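A.B. asks: The sequence shown begins at 392 in our numbering and counts up one residue at a time. For each residue, glycine too, the CB sits at the ideal point set by N, CA and C. Just so we're clear, the structure is a prediction, and the values are computed from it rather than from any experiment.
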Amino acid sequence: MSFNCMKNLNSIVMDNGSGTIKAGFAGDSQPCTVFPTTIGCLRHASVSPGMNLKDQYIGSEVIENKDILSIHYPIEHGIVTNWDDMEKIWHHTFYNKLRIAPEEHPFLLTEAPLNPKANREKMAQVLFEHFNVPGIILVLFLTLSSRM
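(1) Return helix, strand or coil for LEU335, following the three-state DSSP convention.
(2) What are the uninterrupted segments assigned as alpha helix (DSSP H) that are 4 or more residues long and contained completely in the segment 461-525, given in chain order?
(3) So, are the CB atoms of PHE522 and PRO497 less than 8 angstroms apart?
(4) So SER451 and PRO427 are supposed to be a Cβ contact under 8 angstroms. How far apart are they, rounded?
(5) Tell me LEU529's beta-bridge partners as DSSP assigns them.
(6) Which residue from ILE470, GLU455, ASN456 and ASP476 puts its Cα closest to that of GLU463?
(7) Is ASP458 helix, strand or coil when you go by DSSP?
(8) Checking the sheet assignment: what are the DSSP bridge partners for CYS423?
(9) In its own chain, which residues sit with a C-beta less than 7 angstroms from the C-beta of PRO510, not counting the 5 before and 5 after it?
(10) Could you tell me which of GLN421, THR501, VAL404 and PRO465 sits nearest to ILE430, measuring between CA atoms?
(11) For GLY410, which option in ARG434, ALA417, ILE449 and ASP419 has the closest C-alpha, if you only look at C-alpha atoms?
(12) Taking the alpha-carbon positions, what's the PRO504 to LYS445 distance?
(13) For VAL530, does the count of other Cβ atoms within 10 angstroms reach 16, so buried, or fall short, so exposed?
(14) Taking all protein chains shown into account, do 16 or more other C-beta atoms lie within 10 angstroms of the C-beta of ILE528, making it buried, or fewer, making it exposed?
Next comes the structure, spelled out in structure tokens:
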């Protein structure tokens, strides 16, 4: 999507769905980025020595390279089940898709209605400790569904 997401210092709104990640700035009418919540790693280390391949692919790149990848979905039924992969997807979202410094933006994140307290705490821990975000608000995705 080609919305002007570069110099906006608003809060970040992020919907971490089982199928797609939607992320953008508060106040915008649409997300700046929407991509599959997938991560893929090469199935075999020596797929083709002459090809310039990465160790891992995220989002749409996974779909484009699915024949050579082992595909993982870090969110199942709205609940994060693989935190290492989720952290990689968030890194990709912040630095490659939104092109922001996460430590400069407060975050509003969606969560599933049955998200366990331990997952909520882990989400906060990863965002505060690994990405140094200044603030987080968690909201049930059902309350935002007409806005995302």
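C.D. replies: From the atom records:
(1) Nothing about residue 335 can be read from this structure; the chain reaches only from 392 to 539.
(2) Runs found: 474-482 and 508-522.
(3) No, they are not a contact pair.
(4) Indeed they touch by this definition, with Cβ atoms about 6 angstroms apart.
(5) Note: LEU529 sits in a beta bridge opposite LEU500.
(6) Per the sequence presented here, residue 463 reads as His, with Glu not at that position. From the listed residues ILE470, GLU455, ASN456 and ASP476, the smallest Cα separation to HIS463 is found for ASP476.
(7) Correct three-state label for ASP458: helix.
(8) According to DSSP, CYS423 shares a beta bridge with no other residue.
(9) Contrary to the premise, residue 510 reads as Asn rather than Pro in this sequence. If we look at ASN510 and ignore the five residues flanking it on each side, its Cβ neighbours are ILE470 and VAL471.
(10) In terms of CA proximity to ILE430, PRO465 leads the group GLN421, THR501, VAL404 and PRO465.
(11) Checking every option, the nearest Cα to that of GLY410 belongs to ILE449.
(12) Inter-residue distance for PRO504 and LYS445 is about 36 angstroms (C-alpha atoms, whole angstroms).
(13) With fewer than 16 Cβ atoms within 10 Å of its Cβ, VAL530 is classed as exposed.
(14) It counts as exposed.
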